[in-house]
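Each residue of the sequence shown is one higher than the one before, starting from 1 at the first, in UniProt numbering.
This report refers to the structure that appears directly beneath it.
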Amino acid sequence: MPCYGSALILQIYSDDRLPPNHLLDMQGFYSKLNSSPSSSPLLGVGLRADGAARVPLSLAVEAEKAQALLQTFSSASLLASAGLGAFCVLADHALQLPAVHQHLWLRAALDNATHGLVGLWSWAVVIGLRKKSDLYEVLLAGLLASIIDLDHFYMAGSLSLKAAVSLPQRPPLHCSSLIPVVCLSLRFLMWIGRLKDAWCSLPWMLFISMTTHHVRDGVRHGLWLCPFGNTAPVPYWLYVSTTATLPHLCSVLMYLTGTRDVISTKHGVAIDV
Ligand SMILES: [Zn+2]
Numbered sequence: 001m002p003c004y005g006s007a008l009i010l011q012i013y014s015d016d017r018l019p020p021n022h023l024l025d026m027q028g029f030y031s032k033l034n035s036s037p038s039s040s041p042l043l044g045v046g047l048r049a050d051g052a053a054r055v056p057l058s059l060a061v062e063a064e065k066a067q068a069l070l071q072t073f074s075s076a077s078l079l080a081s082a083g084l085g086a087f088c089v090l091a092d093h094a095l096q097l098p099a100v101h102q103h104l105w106l107r108a109a110l111d112n113a114t115h116g117l118v119g120l121w122s123w124a125v126v127i128g129l130r131k132k133s134d135l136y137e138v139l140l141a142g143l144l145a146s147i148i149d150l151d152h153f154y155m156a157g158s159l160s161l162k163a164a165v166s167l168p169q170r171p172p173l174h175c176s177s178l179i180p181v182v183c184l185s186l187r188f189l190m191w192i193g194r195l196k197d198a199w200c201s202l203p204w205m206l207f208i209s210m211t212t213h214h215v216r217d218g219v220r221h222g223l224w225l226c227p228f229g230n231t232a233p234v235p236y237w238l239y240v241s242t243t244a245t246l247p248h249l250c251s252v253l254m255y256l257t258g259t260r261d262v263i264s265t266k267h268g269v270a271i272d273v
């Protein structure tokens, strides 16, 4: 499915018309431009050659969205995000241990690794880890969440960790106002450049990586909404709950904006462009 609007032909078949293995390998997904003479010109309303009824496009789209929302809030997905919240609490406790707290490099490394793992985990909840390329995606999300802190060294003008963590002001990539600007600009550039569908989710990945990082840092420093200043420190419960719910919010928005294909386990959904 492309990032941006184009003509769609959707067909939904009831379960008993799907191949028996559709739940396992998504073969039930039906995707082709229907050029059958029996097709109605009215946006997918009509009968297939075998007599199977096709549903109106608007109904199919609504069914698709409803299915996507159900999937986003499946028990596995909710369990994964609850695990993410628990991981945040455990990681922060580990960072407070004297053995870690007294060693600047160790503390910085673990803190940065936690940023990366939170970003990685969040994106895994969003996309659901179904194929090998998903693994690369979540690793990239983790990397993005982690490398944000490199701006400390950029601002310090030095590789000294001591200098990097004792800056007089927040470094540039920690400005939270940048998040919508960067993500929307990236989406616009992708639209201009007509990048491949595979890159559709990149702005959302960046959104998750930056937001999880900023909210986690916000517990100590507040959110820096340049040029307006800093908010008060983010309450710890708000940080944990925001981190755990953000992937669900992101997936709902992605589905509603048509960024991702819908993976239905109950119906074969055909989306052609
Ligand atoms: Zn940071």
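Backbone N, C-alpha and C define an ideal beta-carbon position, used for all residues, glycine too.
For CYS226, three-class secondary structure by DSSP:
Along the sequence shown, read from residue 1 onward, the residue named residue 226 stands at position 226. Coil.
Sorry if obvious, but does the Cβ on ILE148 come closer than 7 Å to a heavy atom of ligand 1?
The count along the sequence shown starts at 1 and reaches residue 148 at position 148. Under cutoff, so the answer is yes.
Once you ignore the five residues that flank CYS226 on each side, which residues in its own chain have a CB closer than 7 Å to its CB?
In the sequence shown, the residue the question calls residue 226 occupies position 226. The answer, listed in chain order, is CYS175 and SER177.
In the structure shown, what three-state DSSP assignment does CYS200 receive?
Taking the first residue of the sequence shown as 1, we reach residue 200 at position 200. The answer is coil: DSSP assigns CYS200 none of H, G, I, E or B.
Per DSSP, which one or two residues make a beta bridge with CYS175?
Position 175 of the sequence shown, counting from 1, holds the residue named residue 175. Paired residue(s): TRP224.
Taking the alpha helix (DSSP H) that THR245 falls in, what are its first and last residues?
As a first step, residue 245 must be located in the sequence shown, where it is residue number 245. THR245 -> alpha helix (DSSP H) spans 236–256.
Any idea what DSSP makes of residue 332, helix, strand or coil?
Only positions 1 to 273 of the chain appear in this structure, which leaves residue 332 out of reach.
Under a Cβ-count criterion, where at least 16 other Cβ atoms within 10 Å of its own Cβ denotes burial, should LEU106 be classed as buried or exposed?
Within the sequence shown, the letter at position 106 stands for residue 106. That one is exposed.
Of all the options GLN102, ILE127 and THR259, which has the alpha carbon lying nearest to the alpha carbon of CYS200?
Numbered from 1 along the sequence shown, position 200 holds the residue referred to as residue 200. Checked all of GLN102, ILE127 and THR259; the closest Cα to CYS200 is THR259.
Alpha carbons only, please: which of GLU62, SER166, GLY119 and ALA66 is nearest the one belonging to CYS88?
Numbered from 1 along the sequence shown, position 88 holds the residue referred to as residue 88. Of GLU62, SER166, GLY119 and ALA66, the residue nearest in Cα terms is GLY119.
Closer than 7 Å: is that where the CB of ASP217 sits relative to any heavy atom of ligand 1?
Your numbering for residue 217 matches position 217 in the sequence shown. It does: the Cβ of ASP217 is within 7 Å (strictly closer) of some heavy atom of ligand 1.
Using a threshold of 8 Å, state whether the C-beta atoms of ILE179 and MET155 are closer than that.
For the purposes of this step, residue 179 is taken as the residue at position 179 of the sequence shown. For the purposes of this step, residue 155 is taken as the residue at position 155 of the sequence shown. No, the Cβ-Cβ distance between ILE179 and MET155 is not below 8 Å.
Roughly how many whole angstroms lie between the Cα atoms of THR257 and SER158?
Against the sequence shown, residue 257 aligns to sequence position 257. Against the sequence shown, residue 158 aligns to sequence position 158. Straight-line Cα distance between these residues: approximately 42 Å.
Could you tell me whether the Cβ atoms of SER166 and VAL125 are closer together than 8 Å?
Position 166 of the sequence shown, counted from the first residue, corresponds to residue 166. Position 125 of the sequence shown, counted from the first residue, corresponds to residue 125. For SER166 and VAL125, no; Cβs fall outside 8 Å.
Reference LEU97; option with closest CA among PRO233, GLN169 and LEU110:
Here the question's residue 97 lines up with position 97 in the sequence shown. Comparing C-alpha distances from LEU97 to each of PRO233, GLN169 and LEU110 shows the shortest one belongs to LEU110.
Among residues of its own chain, excluding the 5 on either side of LEU139, which ones have a beta-carbon nearer than 8 Å to its beta-carbon?
In the sequence shown, counting from the first residue as 1, residue 139 sits at position 139. Cβ neighbours of LEU139 beyond the five flanking positions: LEU120.
Measure from the alpha carbon of ALA86 to the alpha carbon of each residue in SER241, SER58 and ASP151, then state which is nearest.
Taking the first residue of the sequence shown as 1, we reach residue 86 at position 86. That would be SER241, whose Cα lies nearest to the Cα of ALA86.
Name the two residues that bound the continuous alpha helix (DSSP H) containing ARG107.
Here residue 107 refers to the residue found at position 107 of the sequence shown. Where ARG107 is concerned, the enclosing alpha helix (DSSP H) stretches over 104–127.
With a threshold of 7 Å, establish whether the CB of HIS101 neighbours any heavy atom of ligand 1.
Here residue 101 corresponds to residue number 101 of the sequence shown, with the count starting at 1. Distance from the C-beta of HIS101 to the nearest heavy atom of ligand 1 is not below 7 Å.
Which of helix, strand or coil does DSSP assign to ALA232?
On the sequence shown, position 232 is the one that residue 232 refers to. Coil, per DSSP.
For the alpha helix (DSSP H) containing PHE87, list its first residue and its last residue.
Locating residue 87 in the sequence shown gives position 87, where the first residue counts as 1. Counting along the chain, the alpha helix (DSSP H) containing PHE87 begins and ends at 75–96.
How would you write the range of the alpha helix (DSSP H) that SER166 sits in, first residue to last?
Locating residue 166 in the sequence shown gives position 166, counting from the first residue. Premise fails: SER166 is in no alpha helix (DSSP H) and is neither H nor E.
Look up ARG194 in the DSSP assignment and say whether it is helix, strand or coil.
Counting from one through the sequence shown, the residue named residue 194 turns up at place 194. Looking at ARG194 - three-state DSSP - the assignment turns out to be coil, as it is neither helix nor strand.
Euclidean distance between Cα positions of HIS214 and LEU202
By 1-based counting over the sequence shown, the position of residue 214 is 214. By 1-based counting over the sequence shown, the position of residue 202 is 202. Each residue's alpha carbon lies about 18 Å from the other.
Closest Cα partner of GLN169 within the set ASP151, LEU184 and VAL182
Against the sequence shown, residue 169 aligns to sequence position 169. When each option's Cα is compared against that of GLN169, the closest is ASP151.
Does ligand 1 have even one heavy atom less than 7 Å from the beta-carbon of HIS174?
Reading the sequence shown from its first residue, position 174 is the one you call residue 174. Yes, Cβ of HIS174 sits closer than 7 Å to a heavy atom of ligand 1.
Hey, quick one: how far does the alpha helix (DSSP H) through SER146 stretch, first residue to last?
Residue numbering aside, residue 146 sits at position 146 when the sequence shown is read from its first letter. Run containing SER146: 132–147, per the alpha helix (DSSP H) assignment.
What's the gap between the Cα of LEU104 and the Cα of THR114?
Start at 1 with the first residue of the sequence shown, and residue 104 comes out as number 104. Start at 1 with the first residue of the sequence shown, and residue 114 comes out as number 114. Our two residues, LEU104 and THR114, have alpha carbons roughly 15 Å apart in a direct line.
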